[in-house]
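K.L.:
Sharing a structure with you now.
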Amino acid sequence: MNYRDIIVFDFETGSRNPHKTQPTQIAAVAIHGRKLTPKGFFNSEMQPILDDKEAVKQGLDPLEDEALRITGKNREDLAKAPKPKQVWEKFTSFVNKYNFKGTQWFAPIAAGYNIIGFDMIIVNRMCNLYGPVDKKTGNQALFNKIHKIDVMDNVFMWTENNSDIRSISMDSMRELMSLSSENAHDALQDVKDTA
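Shown next as structure tokens:
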């Protein structure tokens, strides 16, 4: 029986490689572990390195115009966004509100769409930069160390034998479930649709 809360979260980013991309937005909804009802929301844009040469020098991908177009972001607004460290500190405070025993074993369960192959890689990077990190393993210490819910894996399992499903992308799932595509690829809308 699960008593841990669930944090459905999503990053919007400036490129596709989770090992080098720069986050431009992070949003989350906290879900009660037993009632499965929303308990709180988090949403913030995040200022990336806008100078392409500086981004590459720091081992990061420069922002891609196509990624900005898809997410509805622009360089001018992102230049005014809070710095990554500031946003990460607020995000970890938000997540830790739902860690009822204050240990990684009782930390909230990370959830989202394609989080194992994308978002959790970014979480590990951010935790290594700004904390919290497990000193023994070097892995993130923000979310539960055992459980994760990647909704995309569940969708694959539920639909793998359905010839009507052309793709298991979030956009295809919105279409299948008659969800609006308005604000798609905004992190807050994506977590609401995923939850």
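Under my numbering, the first residue of the sequence shown is numbered 7, with each subsequent residue one higher.
We put the CB at the ideal spot given by N, CA and C, even for glycine.
Is DSSP giving Q31 helix, strand or coil here?
P.N.:
Strand at Q31.
K.L.:
By Cβ distance below 6 Å, which residues in the same chain neighbour D196 in space, the five residues on each side in sequence not counted?
P.N.:
Once the five neighbours on either side are set aside, the close Cβ partners of D196 are D16.
K.L.:
What first and last residue would you give for the alpha helix (DSSP H) that runs through N49?
P.N.:
Taken as a continuous stretch (DSSP letters only), N49 belongs to no alpha helix (DSSP H), being part of the beta strand (DSSP E) at 44-51.
K.L.:
Look at V157 and Q146 and say whether their C-beta atoms are less than 8 Å apart.
P.N.:
Going by C-beta atoms, V157 is not nearer than 8 Å to Q146.
K.L.:
Determine which residues share a DSSP beta bridge with E18 and list them.
P.N.:
In the DSSP output, where bridge partners are listed per residue, E18 has Q31.
K.L.:
Does the segment 93-101 touch the segment 27-36, meaning 3 or more C-beta pairs lie closer than 8 Å?
P.N.:
Contact holds: three or more Cβ-Cβ distances are below 8 Å.
K.L.:
Give me the Cα-Cα distance between K89 and G144, rounded to the nearest whole angstrom.
P.N.:
Their backbone Cα atoms lie some 23 Å apart in a straight line.
K.L.:
Would DSSP call G123 helix, strand or coil?
P.N.:
Looking at G123 - three-state DSSP - the assignment turns out to be helix.
K.L.:
Which residues does DSSP pair with K154 in a beta bridge?
P.N.:
Beta-bridge pairing links K154 to A116.
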